[in-house]
Amino acid sequence: MSTVTPTDWQTRPAPETAQDWIARAAAVAAVLATDAAERDRAGATPHAEIQLLKDSGLVTLLGPTEHGGAGQDWPTAYRVIREVAKADGSIGQLLGYHYLWNWAARLVGTREQWEHVEAEAAKGRWFFGGAVNPRDKDVVVTEDGDDLLFTGHKSFSTGSKVSDVTVLEGVFEGTDRHVFAIVPSDTEGLTFHDDWDNIGQRLTESGSVTLDRVRTPWASAAGYVDKEFQPRIYNTLNVPTIQLVFVSFYLGIAAGALETAATYTRTKARSWLHGGFERAVDEPYVIDTYGDLTAKLWAVEALADAVAAEGQKLHEDPDAVTEQTRGDFEVRVAAVKARATDVALEIGNRIFEVTGARSTAAAEGLDRFWRNIRTHSLHDPVAYKRREVGRWVLEGELPEPTWYS
Numbered sequence: 004m005s006t007v008t009p010t011d012w013q014t015r016p017a018p019e020t021a022q023d024w025i026a027r028a029a030a031v032a033a034v035l036a037t038d039a040a041e042r043d044r045a046g047a048t049p050h051a052e053i054q055l056l057k058d059s060g061l062v063t064l065l066g067p068t069e070h071g072g073a074g075q076d077w078p079t080a081y082r083v084i085r086e087v088a089k090a091d092g093s094i095g096q097l098l099g100y101h102y103l104w105n106w107a108a109r110l111v112g113t114r115e116q117w118e119h120v121e122a123e124a125a126k127g128r129w130f131f132g133g134a135v136n137p138r139d140k141d142v143v144v145t146e147d148g149d150d151l152l153f154t155g156h157k158s159f160s161t162g163s164k165v166s167d168v169t170v171l172e173g174v175f176e177g178t179d180r181h182v183f184a185i186v187p188s189d190t191e192g193l194t195f196h197d198d199w200d201n202i203g204q205r206l207t208e209s210g211s212v213t214l215d216r217v218r219t220p221w222a223s224a225a226g227y228v229d230k231e232f233q234p235r236i237y238n239t240l241n242v243p244t245i246q247l248v249f250v251s252f253y254l255g256i257a258a259g260a261l262e263t264a265a266t267y268t269r270t271k272a273r274s275w276l277h278g279g280f281e282r283a284v285d286e287p288y289v290i291d292t293y294g295d296l297t298a299k300l301w302a303v304e305a306l307a308d309a310v311a312a313e314g315q316k317l318h319e320d321p322d323a324v325t326e327q328t329r330g331d332f333e334v335r336v337a338a339v340k341a342r343a344t345d346v347a348l349e350i351g352n353r354i355f356e357v358t359g360a361r362s363t364a365a366a367e368g369l370d371r372f373w374r375n376i377r378t379h380s381l382h383d384p385v386a387y388k389r390r391e392v393g394r395w396v397l398e399g400e401l402p403e404p405t406w407y408s
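For the numbering used here, count along the sequence shown from 1 and bump the result up by 3.
Quick look at the structure:
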């Protein structure tokens, strides 16, 4: 059972600027950090953690101000994800996926649809989950009068049991036409299974889901007008957007690993008995390792911030997005995704070189950082991200928009 301590956020000044919201995320992270290792070991459904995100206002960061949202942009959202993930990678992932699925209505839907969803989500402080694993192709959508019925199974459904609403994805029976719809997570026929049992990201509630004739009105089919989909190139920005979400919590986990390890080195680590130094912090190899890893992390963070700013320009003028601008952006996203993965894995591994044998005690929980990165970074092969960059450099080839590029 979660032991996250509740905080009276109503007594704190409401954040106004991007920096204020990043500071609010750091305050949330401080609460999560108090028992992060214990909660990781327990692996309980993070109801209290999600309530913390709601109470602090982080869930409505991207929501319209006129309906109670913060009206912030994607670069701020990515920084907020990083801050939360420093303390708890699972909660950082859940928050990042929530932002993407909340924004999915704008990416795919008509103006009427996304304005309605964003207003209701902000007013109700909805938390979004998603049953949209693209490698499972067995969710079939059929018509029943003015309704659609979703039937099938998805292997992964991140945020399932802690969500208020769930984004569904399926294919119309006998066609290759995909459809997205948002339904309440307690909708009849939607069954979330307790089968998420992985080495890392243990609190993401990413288990499988069964859909048994889940009913939703035709009007909720995102982007469909008179039962015909209205395509835009902006629709395909969902992949680079969520890949930057991945980058954000990878970098947050890596930063949390470094900060936690550095505290341990300062307060608990012992110098090597044959090294000639009384304190671990004076060991040359320890100093060099922290310097090396920090420089690498700072470099990727700077690249991530730059790419996020490039993406924001596309979000600000969706109708102006072209195949070229979308493709060039995806290449930049691929580059930072590859570097963030490599650097985060390296940090998660090498912190043990500068903390020593006693730091491997289960009570310290230092292993969770590497386990979290290793688990999620297998989402899609990083080699194919490097391939996108290489083909663009050598041939000017733009990545073909797919579920992963």
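Backbone N, C-alpha and C define an ideal beta-carbon position, used for all residues, glycine too.
Q | Three-state secondary structure (DSSP) of G173 | A | Within the sequence shown, numbered from 1, the residue matching residue 173 stands at position 170. In the structure shown, G173 falls within a strand segment according to DSSP collapsed to helix, strand and coil.
(Q) According to DSSP, simplified to helix, strand and coil, what is G155? (A) Indexing the sequence shown from 1 puts residue 155 at position 152. It is a strand residue.
- Task: Compute the Euclidean distance between the alpha carbons of L401 and T239, then round it to the nearest angstrom.
- Result: The count along the sequence shown starts at 1 and reaches residue 401 at position 398. The count along the sequence shown starts at 1 and reaches residue 239 at position 236. In a straight line, the C-alpha of L401 is about 13 Å away from that of T239.
inquiry  = Is it the case that the segment 335-350 contacts the segment 224-231, given that we only count it when at least three CB pairs across the two stretches are under 8 Å?
reply    = They do not touch, by the three-pair rule.
What are the boundary residues of the beta strand (DSSP E) that G132 is part of? Mapped onto the sequence shown, residue 132 falls at position 129. From DSSP, the beta strand (DSSP E) with G132 extends over 131-134.
> By Cβ distance below 8 Å, which residues in the same chain neighbour M4 in space, the five residues on each side in sequence not counted?
Replying inline: Residue mapping note: residue 4 aligns to position 1 of the sequence shown, counting from 1. Because the pLDDT at M4 is just 36, under 50, the model does not fix this residue reliably, and the point stays unresolved.
ask   = If D76 and Q315 are in contact, beta carbons under 8 Å, what's the gap, nearest whole angstrom?
value = As a first step, residue 76 is located in the sequence shown; it is residue number 73 there, counting from the start. As a first step, residue 315 is located in the sequence shown; it is residue number 312 there, counting from the start. Between Q315 and D76 the Cβ distance is about 5 Å, and since that is below 8 Å, they are a contact.
In the DSSP output, which residue or residues are listed as bridge partners for R205?
As a first step, residue 205 must be located in the sequence shown, where it is residue number 202. Answer by DSSP bridge pairing: none, since R205 is not bridged.
With D291 as the anchor, note down where its alpha helix (DSSP H) starts and where it stops.
-> For the purposes of this step, residue 291 is taken as residue 288 along the sequence shown, with counting starting at 1. For D291, the enclosing alpha helix (DSSP H) begins and ends at 287-319.
To which residues of the same chain is Y407 closer than 6 Å at the C-beta, ignoring the five residues directly before and after it? One-based indexing of the sequence shown puts residue 407 at position 404. If we look at Y407 and ignore the five residues flanking it on each side, its Cβ neighbours are D383.
Cβ pair count under 8 Å reaching 3, the segment 317-334 against the segment 264-276: At 8 Å Cβ cutoff, the stretches do not touch.
Check: Short check: CB of T190 to CB of T219, under 9 Å?
Finding: Here residue 190 is taken as the residue at index 187 of the sequence shown, counted from 1. Here residue 219 is taken as the residue at index 216 of the sequence shown, counted from 1. In this structure, T219 lies closer than 9 Å to T190 by Cβ.
Checklist entry - Exposed or buried, what is I202 when buried is set at 16 or more other beta-carbons lying within 10 Å of its beta-carbon? => result The count along the sequence shown starts at 1 and reaches residue 202 at position 199. When all chains shown are included, I202 counts as exposed.
**Request:** Keeping to the same chain, check which residues put their C-beta closer than 8 Å to that of R205; ignore five residues upstream and five downstream.
**Result:** Locating residue 205 in the sequence shown gives position 202, counting from the first residue. Excluding five sequence positions before and after R205, the CB atoms of its chain that fall closer than 8 Å to its own CB belong to D43, G46, S93, W199, given in chain order.
Beta-carbon separation of G192 and R216 under 9 Å? Here the question's residue 192 lines up with position 189 in the sequence shown. Here the question's residue 216 lines up with position 213 in the sequence shown. Between G192 and R216, the gap from beta carbon to beta carbon is short of 9 Å.
For G85, count the other beta carbons within 10 Å of its own beta carbon; 16 or more makes it buried, fewer makes it exposed. Which is it? Counting from one through the sequence shown, the residue named residue 85 turns up at place 82. In the sequence as displayed, the identity of residue 85 is Arg instead of Gly. Buried: at least 16 other Cβ atoms inside 10 Å.
**Request:** Taking the CB atoms as reference points, tell me whether K299 and A341 lie closer together than 9 Å.
**Result:** In the sequence shown, counting from the first residue as 1, residue 299 sits at position 296. In the sequence shown, counting from the first residue as 1, residue 341 sits at position 338. Cβ distance not < 9 Å, so K299 and A341 don't count as in contact.
*From what residue to what residue does the alpha helix (DSSP H) around P243 run?*
For this step, residue 243 is matched to residue 240 along the sequence shown. It spans 241-270 - the alpha helix (DSSP H) in which P243 sits, taken as one unbroken run.
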